[in-house]
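These notes concern the structure reproduced below.
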Amino acid sequence: MSGIDIDHLRQWIGRRETLNDLVSAAPLAALAATLDREEACAVVPPLAHWLSFLPIVPMAAVGPDGHPARGGFLPPVPLPRRMWAGSRLGFHQPVQVGDSVQRISEITDVQLKQGQGGALVFVKVRHTVTGPAGGDAITEEQDIVYRDDPRPGEAPAPPRPAPEQAAWRRTIHPDPVLLFRFSALTFNGHRIHYDRAYATGVEGYPGLVVHGPLIATLLVDLVRRERPDARLTAFRFRAVRPLFDTASFEVCGQPTQDGRSVSLWARDTGGALCMEATADLA
Numbered sequence: 002m003s004g005i006d007i008d009h010l011r012q013w014i015g016r017r018e019t020l021n022d023l024v025s026a027a028p029l030a031a032l033a034a035t036l037d038r039e040e041a042c043a044v045v046p047p048l049a050h051w052l053s054f055l056p057i058v059p060m061a062a063v064g065p066d067g068h069p070a071r072g073g074f075l076p077p078v079p080l081p082r083r084m085w086a087g088s089r090l091g092f093h094q095p096v097q098v099g100d101s102v103q104r105i106s107e108i109t110d111v112q113l114k115q116g117q118g119g120a121l122v123f124v125k126v127r128h129t130v131t132g133p134a135g136g137d138a139i140t141e142e143q144d145i146v147y148r149d150d151p152r153p154g155e156a157p158a159p160p161r162p163a164p165e166q167a168a169w170r171r172t173i174h175p176d177p178v179l180l181f182r183f184s185a186l187t188f189n190g191h192r193i194h195y196d197r198a199y200a201t202g203v204e205g206y207p208g209l210v211v212h213g214p215l216i217a218t219l220l221v222d223l224v225r226r227e228r229p230d231a232r233l234t235a236f237r238f239r240a241v242r243p244l245f246d247t248a249s250f251e252v253c254g255q256p257t258q259d260g261r262s263v264s265l266w267a268r269d270t271g272g273a274l275c276m277e278a279t280a281d282l283a
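Under the numbering used here, the first residue of the sequence shown carries the number 2, and numbering increases by one thereafter.
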């Protein structure tokens, strides 16, 4: 199927990478400003660990799409498009500004599947973040999907309707400044988020693509706005459909009756589901 040597790519299963970092206040303050929050963070808010352990590579090691070139820790999947499709996270201990932190990453699975538009390669990575006190502070299982470019004339998958009823709603206007700021905060060089000529002319999108991690961050931010006294213990999200800077979108939430969890989703102006998530609260 597709000529991809999956046995070769599966040799990356079990490969590990260890990174160390120091949590500083400035990126957290910049993220808060990007989310229109007025707060000084002493404790890293949920998902803000994504501002640490950044993929810092020299320009000579950057591919044509702005991502680091293939190979190294991740397997060299010979498909041109890469997407962070979702994650499952647990928040076990607080991480604070000034903490020395370590992240151990391990590739746990590599699978080849056939989708409607061609071959898909799924890479699963498990991240474990520990702080100075020892023990797991944050665990994350991340799904990365590789796919081919769309075929000429290929129709996109039909949209799934998002839920209509929501206790919480917030409208997001994803202008290029918001997307640039998030790219800068996460040192994400992927050109589809800031280079309109590349996004539309090379990859064929209708506009700049809103980062999946930014949508997930906005969903968690909605929980923090509506339930400021709650503590997030777990969060799961899955990307369903891309969002672009050509129109506003909504982040929505519906808590369970006991208030212990919240169903979350992002929907575009046509009512299509673009991301679905669940947050567990204590």
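In this text, a Cβ means the ideal position worked out from N, Cα and C, and glycines have one as well.
Measure the CB-CB distance between residue i and residue j and report whether it falls below 7 Å.
i: Thr234; j: Asp281; result: yes
i: Val287; j: Val111; result: Because the chain spans 2 through 283 in this model, residue 287 falls outside it and cannot be assessed.
i: Leu20; j: Arg104; result: yes
i: Val102; j: Val44; result: no
i: Ala167; j: Gln255; result: yes
i: Thr279; j: Arg237; result: yes
i: Leu209; j: Arg197; result: yes
i: Leu180; j: His194; result: yes
i: Arg232; j: Ala283; result: yes
i: Val78; j: Val130; result: no
i: Asp100; j: Pro153; result: no
i: His93; j: Ala138; result: yes
Contact criterion: CB-CB distance below 7 Å. Does residue i meet it with respect to chain E?
i: Arg82; result: Reference to chain E is not applicable here, since this structure consists of a single protein chain.
What does a CB cutoff of less than 6 Å around residue i pick up in its chain, not counting 5 residues either side in sequence?
i: Val211; result: Pro175 and Leu244
i: Asp222; result: Leu36
i: Thr109; result: Lys125 and Arg127
i: Gly271; result: none
i: Phe74; result: Glu18
i: Cys253; result: Ala167, Arg170 and Trp266
i: Gly64; result: Ala70
i: Arg182; result: Thr35
i: Arg7; result: The sequence shown places Ile at residue 7, rather than the Arg named in the question. So the list reads Leu113, once near-sequence residues are dropped.
i: Arg16; result: Ile108
i: Ala185; result: none
i: Tyr199; result: Arg192
Within a Cβ cutoff of 7 Å, which residues of the same chain sit near residue i, ignoring the five residues on either side of it in sequence?
i: Thr172; result: Ser249 and Glu251
i: His9; result: none
i: Ala62; result: Pro69 and Ala70
i: Arg161; result: Val241, Ala273 and Leu274
i: Val58; result: Pro69
i: Glu204; result: Ile193
Could you check which residue in the options has the C-alpha nearest to that of residue i?
i: Asp269; options: Gln258, Ser262 and Asp246; result: Asp246
i: Asp230; options: Arg261, Gln255, Ala33 and Val122; result: Arg261
i: Ser142; options: Pro153, Val102, His128 and Gly136; result: Residue identity differs from the one stated: residue 142 is Glu in this sequence, not Ser. The shortest Cα separation from Glu142 among Pro153, Val102, His128 and Gly136 belongs to His128.
i: Ala41; options: Leu29, Pro47 and His50; result: Leu29
i: Gly136; options: Gly91, Ile108 and Ala185; result: Gly91
i: Glu155; options: Val126, Tyr206, His68 and Leu80; result: Tyr206
i: Thr80; options: Leu23, Ile5 and Ala138; result: Note on identity: in this sequence residue 80 is Leu, with Thr being the wrong assignment. Taking only the C-alpha atoms, the option nearest Leu80 is Ile5.
i: Arg89; options: Thr140, Leu220, Gln166 and Arg16; result: Thr140
i: Pro151; options: Arg170, Gly118 and Ala163; result: Gly118
i: Asn189; options: Ile145, Pro46 and Asp66; result: Asp66
i: Arg82; options: Val146, Gly208, Arg232 and Glu107; result: Val146
i: Glu227; options: Arg170, Ala134, Ala163 and Pro76; result: Arg170
i: Ala310; options: Pro76, Ala49 and Pro157; result: Nothing about residue 310 can be read from this structure; the chain reaches only from 2 to 283.
i: Asp22; options: Val98, Pro157, Gly64 and Pro46; result: Val98
i: Arg11; options: Gly72, Pro47 and Pro46; result: Gly72
i: Leu219; options: Pro47, Glu39, Ile7 and Arg16; result: Pro47
i: Glu165; options: Pro157, Ser264, Glu39 and Arg16; result: Ser264
i: Asp144; options: Met60, Arg38 and Ser106; result: Ser106
Closer than 8 Å by C-beta to residue i: which residues in its own chain qualify, once you throw out the five before and the five after it? Chain order, please.
i: Met2; result: Bear in mind that the predicted position of Met2 carries a pLDDT of just 47, short of 50, making it unreliable; the figure below should be weighed with that in mind. Excluding positions up to five away in sequence, the list reads Leu113, Gln115 and Ala120.
i: Thr187; result: Trp51, Leu52, Leu55, His212 and Pro214
i: Ala240; result: Met84, Trp85, Ala86, Gly87, Gly213, Ile216, Cys275 and Met276
i: Ile14; result: Ile108, Thr109, Asp110 and Val111
i: Glu39; result: Ala33
Starting from the N-terminal side, write out each stretch of the alpha helix (DSSP H) that is 4 residues or longer and does not extend beyond the stretch 159–221. 177–186 and 197–202
Would you list, in sequence order, the uninterrupted beta strand (DSSP E) runs of no fewer than 3 residues that lie entirely inside the stretch 87–128? 101–116
Which runs of the alpha helix (DSSP H) fall wholly inside the stretch 20–46 and span at least 4 residues, in chain order? 26–35
What are the start and end residues of each continuous alpha helix (DSSP H) run of 4 or more residues lying completely inside the stretch 218–283, in chain order? none
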